[in-house]
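First up is the structure itself, then whatever we jot down about it.
Residue numbers (our numbering): 1089 to 1276.
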């Protein structure tokens, strides 16, 4: 931060941040702000507006937020899940969740299933892939008939080109690849 005094009451400050990436050094200047320390004025210049990145607060979870994901189909929709056992679906502009799905076990990662607007996939303490129907607001049972070694799953990724391929990562370093026929779950 660089600052200089213009008179007894006003100070000019230029806030900047230096971002270093493996490729180059970046410097971002947020603007020039005039402060009146007698409490009369605090404003940005015409050319450099004060940047306020926070545009809205949403209803908080009762605990940690473990995952946030935006819908690939609807740009105004996103979801969160937390240690409070709730999976919440929000619409941008609405502070309250549009839908809440109550969970039996904590999810650590959730994603909207590409091209299947009604489905959400998640993983967590249950130790296996979990699939949720957004319309019904509940988990789908019998995701697999296979005997799956249950260990806490921390990460989930759906292949963007072959969406039936799902990768899951566990707390003990294991990686699982699942082949999921989403269409069968979307008609349940």
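The beta-carbon is built from N, C-alpha and C at its ideal position, and this holds for glycine as well.
Rounding to the nearest angstrom, what Cα-Cα distance links residue i and residue j in this structure?
i	j	result
residue 1160	residue 1202	6 Å
residue 1271	residue 1205	11 Å
residue 1192	residue 1214	9 Å
residue 1223	residue 1172	22 Å
residue 1255	residue 1165	24 Å
residue 1257	residue 1241	6 Å
residue 1155	residue 1218	14 Å
residue 1252	residue 1181	32 Å
residue 1207	residue 1227	10 Å
residue 1250	residue 1210	18 Å
residue 1216	residue 1149	23 Å
residue 1259	residue 1168	21 Å
residue 1239	residue 1261	10 Å
residue 1177	residue 1220	12 Å
residue 1237	residue 1274	25 Å
residue 1187	residue 1246	23 Å
Are the CB atoms of residue i and residue j nearer to each other than 8 Å?
i	j	result
residue 1195	residue 1175	yes
residue 1197	residue 1248	no
residue 1212	residue 1189	no
residue 1147	residue 1170	no
residue 1145	residue 1184	no
residue 1157	residue 1200	yes
For residue i, list the residues DSSP reports as bridge partners.
i	result
residue 1266	1254
residue 1166	1158, 1178
residue 1210	1198, 1218
residue 1243	1257
residue 1236	In DSSP, residue 1236 forms no bridge with anything.
residue 1223	The partner list for residue 1223 (beta bridge, DSSP) is empty, contrary to what the question assumes.
Put residue i into one of helix, strand or coil per three-state DSSP.
i	result
residue 1189	strand
residue 1228	coil
residue 1124	Any reading at residue 1124 must be qualified, since the residue scores a pLDDT of 47, below 50, and its modelled position is unreliable; the value itself is stated next. Strand, per DSSP.
residue 1151	coil
residue 1275	coil
>> When you compare the segment 1252-1266 with the segment 1225-1241, are there three or more beta-carbon pairs, one atom per stretch, that lie closer than 8 Å?
In response: Pairwise C-beta distances place the segment 1252-1266 in contact with the segment 1225-1241, as three or more of them are shorter than 8 Å.
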